[in-house]
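Have a look at the structure below before the remarks.
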Amino acid sequence: TSISPGRCKWNKHTLTYRIINYPHDMKPSAVKDSIYNAVSIWSNVTPLIFQQVQNGDADIKVSFWQWAHEDGWPFDGPGGILGHAFLPNSGNPGVVHFDKNEHWSASDTGYNLFLVATHEIGHSLGLQHSGNQSSIMYPTYWYHDPRTFQLSADDIQRIQHLYGEKCSSDIP
Amino acid sequence: VPVPPAADHKGWDFVEGYFHQFFLTKKESPLLTQETQTQLLQQFHRNGTDLLDMQMHALLHQPHCGVPDGSD
Chain C
1 TSISPGRCKW NKHTLTYRII NYPHDMKPSA VKDSIYNAVS IWSNVTPLIF
51 QQVQNGDADI KVSFWQWAHE DGWPFDGPGG ILGHAFLPNS GNPGVVHFDK
101 NEHWSASDTG YNLFLVATHE IGHSLGLQHS GNQSSIMYPT YWYHDPRTFQ
151 LSADDIQRIQ HLYGEKCSSD IP
Chain L
173 VPVPPAADHK GWDFVEGYFH QFFLTKKESP LLTQETQTQL LQQFHRNGTD
223 LLDMQMHALL HQPHCGVPDG SD
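Those protein sequences? They're chains C and L, same order as listed. Going letter by letter, the first sequence gives residues 1 to 172 in this note's numbering. Going letter by letter, the second sequence gives residues 173 to 244 in this note's numbering.
As structure tokens, then:
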């Protein structure tokens, strides 16, 4: 009922998210920070508000899996596929999966969880891949410094097409 | 800068080496005899399907998202 029929977007602006489990090589606090920073990237340019919940159901459900995990889209071990997410108008809206076999990090060693999470949460908000290499929704992974990372104009235009711009009254 | 894991470097070297046979720099090209250039061109056409396989191989080993394009 939270999905707009016929449109690939959520029909509400406050979305809850929950981190179901954690990867081997990152502290839970670092994972929480990475996911928080990833959702903030999108909420900074839209009226969307994200609230983390610890238990129960959530709109966006983040979890780590390895190999086949019963959603029809198996992971492939280290390298290759890093994650996938389901669009709002799919059968599993809000489901965000990361490959547990990757070396996840908050830095430039292995794969930076914040960058991949920003991409996957973009899918869960309704964005498809972009052919623009400067877009975070480009399908292959490119490292950016997380401290200076910004969405490209393409990303901002596409997410605002779905949810609108952030009003000045939304800015805390 | 893309950060492929160490295991992927082998695949990239392979593709880079393969392409280097055909896409020589302007400095290198004049050094080849006409016969060598013809041989390389023939090999390029002979390996046309292999080339597609290698491009696919390189793509699959690049770190990427598993969401198929245009899929819901």
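Note that CB positions come from ideal geometry on N, CA and C, so glycine has one too.
Residue range 81-85 is occupied by the beta strand (DSSP E) that includes histidine 84(C). Pairing valine 116(C) with valine 62(C), the inter-Cα distance amounts to about 12 Å.
Here glutamine 66(C) is near lysine 100(C), since their CB atoms are less than 8 Å apart.
At least 8 Å separates the beta-carbon of tyrosine 141(C) from that of asparagine 132(C). Trp73, Phe75, Pro78, Gly79, Gly80, Ile81, Leu82, Gly83, His84: these are the residues of the region 66-84 of chain C whose beta carbon lies less than 8 Å from some beta carbon of chain L, given in chain order. With fewer than 16 neighbouring CB atoms inside 10 Å of its own CB, proline 28(C) falls in the exposed class. Following the DSSP letters along the chain, one finds leucine 15(C) in no alpha helix (DSSP H) but inside the beta strand (DSSP E) bounded by residues 14-19. The DSSP-derived three-state label of threonine 109(C) is coil.
The C-beta of histidine 233(L) comes closer than 8 Å to at least one C-beta of chain C.
Asparagine 112(C) counts as buried, since at least 16 other C-beta atoms from the protein chains shown sit within 10 angstroms of its C-beta. For the pair proline 235(L) and histidine 97(C), the Cα-to-Cα distance works out to about 15 Å.
DSSP places isoleucine 136(C) outside any alpha helix (DSSP H), giving it a letter other than H or E.
When Cβ-Cβ separations below 8 Å define contact, threonine 140(C) makes contact with chain L. With its beta carbon at least 8 Å from every one in chain C, aspartate 225(L) lies outside the interface.
Interface with chain L (8 Å Cβ-Cβ cutoff): glutamate 165(C) is excluded. Distance from glycine 238(L) to isoleucine 35(C) at the Cβ level is roughly 18 Å; contact not present, criterion being Cβ atoms closer than 8 Å. One finds Pro235 in chain L with Cβ atoms closer than 7 Å to the Cβ of tyrosine 111(C), taken in chain order.
As a beta-bridge residue in DSSP terms, valine 95(C) pairs with Lys61(C). According to DSSP, residue pairing for phenylalanine 50(C) in a beta bridge involves Leu15(C). Neighbours of histidine 129(C) in chain L, taken as residues whose beta carbon is under 8 Å from its own, are Cys237, Val239, Asp241 in chain order.
Using beta-carbon distances, histidine 24(C) does not count as an interface residue toward chain L, since no partner is under 8 Å.
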